[in-house]
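>
The structure is reproduced here in structure tokens:
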């Protein structure tokens with residue numbers, strides 16, 4: 032469709048104007064991408080390499096850095112599957128069933144996006160902190176949430192909650208219920224229907240949502256910063272570790288760890304492209320219908 | 022298999038889709054549910070299938086009450102208006118779906134399933150198209166696949182919801198003939214929903230004319246045409 036419209040507009044314009052227009056648009060887009068996306072990435076890598084390879088390696092193999100990496104991966108490994116399962120359940124519920132209060136549920140799912148991460152972190156302090164609602168009870172039972180790993184996981188789960196659901200709800204809504212009804216009429220159980228019919232139809236959107244929430248889970252700063260307590264080697268995730276190093280005027284190490292974080296983000300993107308490239312044909316065959 | 026619905030009612034919010042509908046269909050019959058949109062014909066079909074539940078009333082298959090049986094256990098084949106094929110599966114996998122979903126002890130082996138798929142592709146005149154994906158087929162071909170898929174588990178009842186609605190006139194005619202021929206061969210009790218009276222009268226042994234959630238008349242096409250029993254039927258046929 033867009034190709035056709037483009038051709039039509041192009042035909043009305045003289046050739047010279049067309050080239051100038053295209054060149055300008057491309058230039059604007061590239062400049063923007065360079066300043067906003069590429070430049071920061073280059074700065075990170077440049078600053079990280081200021082004192083040579085040895086300093087870089089030393090910064091990321093430092094014991095505090097290692098524990099930050101471990102904690103970040105652990106938090107992501109818990110938060111992402113939790114949100115994947117929640118996202119699928121929520122999307123399945125609101126797109127394949129009718130019930131009262133459905134619109135409210137959809138609105139609730141969006142809350143973590145509209146609330147500032149710092150505020151959501153504070154909410155957990157108010158709930159589980161030493162002077163919070165459940166604080167005395169938790170202390171009495173020797174359960175640590177705030178300034179410990181459970182709090183970080185909770186905060187991360189909260190801020191990444193909508194990613195998967197938001198990716199797949201519009202798609203599942205557009206696809207309707209016909210395929211599921213067909214599967215049921217063919218004798219499939221509810222679980223078989225979900226596994227063999229619903230899931231294959233949403234797998235790419237699901238993967239995309241999972242990768243987005245993975246990137247956010249590893250990079251979350253605000254909410255985690257509030258509940259973490261910044262205990263070095265214990266409750267510092269990678270983004271928090273970067274801040275600690277930076278505030279210590281340890282710029283090379285800060286940027287080295289930052290480059291690691293950027294690398295993790297890039298890896299998720301590469302992973303996504305790779306999957307799309309490998310299954311591209313199959314994907315095209317299905318989506319043309 | 023005989024089908025009987027007794028005093029079925031169904032209301033959606035304020036809209037009465039079915040109003041105490043009763044209908045008895047003989048074994049091997051070929052019935053059309055005919056009516057304008059909003060007359061309740063699709064709701065009635067979906068209640069018989071078990072895809073929709075009635076507020077009150079009962080459904081019987083061969084004198085057994087199936088009202089509370091879920092759609093999976095009713096042993097019906099259902100063909101949807103927009104085919105509802107599984108996009109990520111080949112034609113062969115679509116047709117084999119019902120068999121592949123059977124429990125381990127009831128499922129035929131892979132060879133038998135493959136054979137059954139070939140047989141069904143022949144039946145709907147799509148021999149050799151098994152490896153294609155649904156989006157590589159025309160509308161008429163897709164509906165034939167949907168029909169083959171619905172027949173895979175040897176249903177005793179075949180239900181079709183506006184099966185030709187999305188197709189052009191020529192393909193419609195071909196598919197009608199194909200459906201009739203399949204009915205002659207398999208003798209499955211068949212109900213299809215349509216708003217096209219020519220289609221209903223040309224194809225069905227009995228036609229039920231619905232209006233405002235009620236069955237106005239249920240009879241053979243010729244008797245309905247000779248003696249319409251209400252003003253609505255008379256006006257609808259005109």
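Protein chains in written order, with this note's numbering: chain G, 32 to 320; chain U, 22 to 259. For glycine and all other residues, C-beta sits at the position ideal for the given N, C-alpha and C. Since this is a predicted model, take the numbers as computed values, not measurements.
Should residue 25 of chain U be flagged as near chain G, meaning a C-beta pair shorter than 7 Å?
Chain G contact via Cβ: absent.
> Strictly under 7 Å for the Cβ-Cβ distance: is residue 105 of chain U near chain G by that measure?
It does; some Cβ of chain G falls within 7 Å.
> Residue 144 of chain U CB to nearest chain G CB: under 7 Å?
Chain G, which has no Cβ nearer than 7 Å to the Cβ of residue 144 of chain U, makes this no.
> Do residue 61 of chain U and residue 35 of chain U come within 7 Å of each other at the CB atom, strictly closer than that value?
Not a contact, by the Cβ cut-off of 7 Å.
> At a Cβ threshold of 7 Å, is residue 205 of chain G touching chain U?
No, residue 205 of chain G does not count as interfacial toward chain U.
> Thinking C-alpha only, which one of G:224, G:86, G:92 is nearest residue 209 of chain G?
Comparing Cα-Cα distances from residue 209 of chain G to each of G:224, G:86, G:92, the minimum goes to G:224.
> Do the region 218 to 235 of chain G and the region 111 to 127 of chain U meet, that is, are 3 or more Cβ pairs less than 8 Å apart?
These segments touch.
> Can at least three beta-carbon pairs, one atom from the region 237 to 255 of chain U and one from the region 84 to 100 of chain U, be found at a separation below 8 Å?
Result no; under three Cβ-Cβ pairs closer than 8 Å.
> Quick one: does residue 214 of chain U have its CB under 7 Å from some CB of chain G?
No, residue 214 of chain U does not count as interfacial toward chain G.
> Decide if residue 93 of chain U is buried, meaning its Cβ has at least 16 other Cβ atoms within 10 Å, or exposed.
It counts as buried.
> Would you kindly check if the distance between the Cβ of residue 86 of chain G and the Cβ of residue 283 of chain G is under 7 Å?
Their beta carbons are under 7 Å apart, which means residue 283 of chain G touches residue 86 of chain G by this criterion.
> I need the boundaries of the beta strand (DSSP E) containing residue 144 of chain G, first residue and last residue.
That residue, residue 144 of chain G, is in no beta strand (DSSP E); its alpha helix (DSSP H) goes 133 to 145.
> Would you mind working out which of U:53, U:251, U:107 sits nearest residue 156 of chain U, comparing C-alpha positions?
That would be U:107, whose Cα lies nearest to the Cα of residue 156 of chain U.
> If we count the other Cβ atoms within 10 Å of its Cβ and call it buried at 16 or more, is residue 55 of chain G buried or exposed?
Its Cβ having fewer than 16 others within 10 Å, residue 55 of chain G is exposed.
> Just to confirm my understanding: we take residue 43 of chain U, look at its own chain, exclude 5 residues before and 5 after, and list those with CB closer than 7 Å. What are they?
26, 27, 28.
> Is residue 38 of chain U helix, strand or coil when you go by DSSP?
Residue 38 of chain U: strand per DSSP, three-state reduction.
> For the alpha helix (DSSP H) that residue 114 of chain U lies in, which residues bound it at each end?
Here the alpha helix (DSSP H) through residue 114 of chain U covers 112 to 121.
> What separation, rounded to the nearest whole angstrom, lies between the Cα atoms of residue 36 of chain G and residue 224 of chain U?
The predicted position of residue 36 of chain G is uncertain, since its pLDDT is 48 and thus under 50; a value taken from the coordinates is nonetheless stated next. The straight-line gap from Cα to Cα measures roughly 45 Å.
> From the beta carbon of residue 307 of chain G, is the nearest beta carbon of chain U less than 7 Å away?
Output row for residue 307 of chain G: interface = no.
> When we look at the beta-carbon of residue 244 of chain G and count the other beta-carbons within 10 Å, is it buried (16 or more) or exposed?
Burial call: buried.
> Quick one, are the C-beta atoms of residue 257 of chain G and residue 188 of chain G less than 7 Å apart?
No, Cβ-Cβ distance for residue 257 of chain G and residue 188 of chain G is not below 7 Å.
> I want to see whether chain U comes within less than 7 Å of residue 223 of chain G, judged by CB atoms only; does it?
Closer than 7 Å: yes.
> If I measure Cβ to Cβ from residue 86 of chain U and keep anything under 8 Å in the same chain, skipping five residues before and after, which residues do I get?
79, 80, listed in sequence order.
> Closer than 8 Å, Cβ to Cβ, to anything on chain U: give me those residues from the region 123 to 153 of chain G, in chain order.
Going along the region 123 to 153 of chain G in chain order, one finds no residue with a Cβ nearer than 8 Å to chain U.
> List, in chain order, every chain U residue whose beta-carbon is nearer than 9 Å to that of residue 232 of chain G.
What residue 232 of chain G touches in chain U: 107, 108, 109.
> Should residue 105 of chain U and residue 213 of chain G be called a contact, given that it needs their Cβ atoms to be closer than 7 Å?
Yes.
> Flag residue 22 of chain U as yes if its beta-carbon sits less than 7 Å from any beta-carbon of chain G, otherwise no.
Output row for residue 22 of chain U: interface = no.
> Is it a yes or a no for the region 165 to 179 of chain U touching the region 132 to 152 of chain U, going by three-plus beta-carbon pairs under 8 Å?
Result yes; three or more Cβ-Cβ pairs closer than 8 Å.
> Write down the C-beta distance between residue 190 of chain G and residue 141 of chain G rounded to the nearest angstrom, noting that I regard them as a contact closer than 8 Å.
Not really, about 12 Å apart at Cβ, beyond 8 Å.
> Could you check whether the region 265 to 278 of chain G touches the region 59 to 78 of chain G, counting it as contact only if at least three pairs of C-beta atoms, one from each stretch, sit closer than 8 Å?
No, the region 265 to 278 of chain G is not in contact with the region 59 to 78 of chain G.
> By alpha-carbon positions, which one of G:298, G:143, G:306 ends up nearest to residue 246 of chain G?
Per the Cα distances, G:298.
> What does the Cβ neighbour count give for residue 128 of chain U, buried or exposed, with the cut at 16 atoms within 10 Å?
Exposed: under 16 other Cβ atoms inside 10 Å.
> CA-CA distance, residue 102 of chain U and residue 204 of chain G?
Going from the Cα of residue 102 of chain U to the Cα of residue 204 of chain G covers about 18 Å.
> Where do the N-terminal and C-terminal ends of the alpha helix (DSSP H) with residue 68 of chain G fall, by residue?
Here residue 68 of chain G belongs to no alpha helix (DSSP H), and DSSP marks it neither H nor E.
> Should residue 183 of chain G and residue 259 of chain G be called a contact, given that it needs their Cβ atoms to be closer than 7 Å?
The answer is yes: Cβ separation under 7 Å.
> I want to know whether the region 47 to 56 of chain U touches the region 214 to 231 of chain U - three or more CB-CB distances under 8 Å.
Touching, yes.
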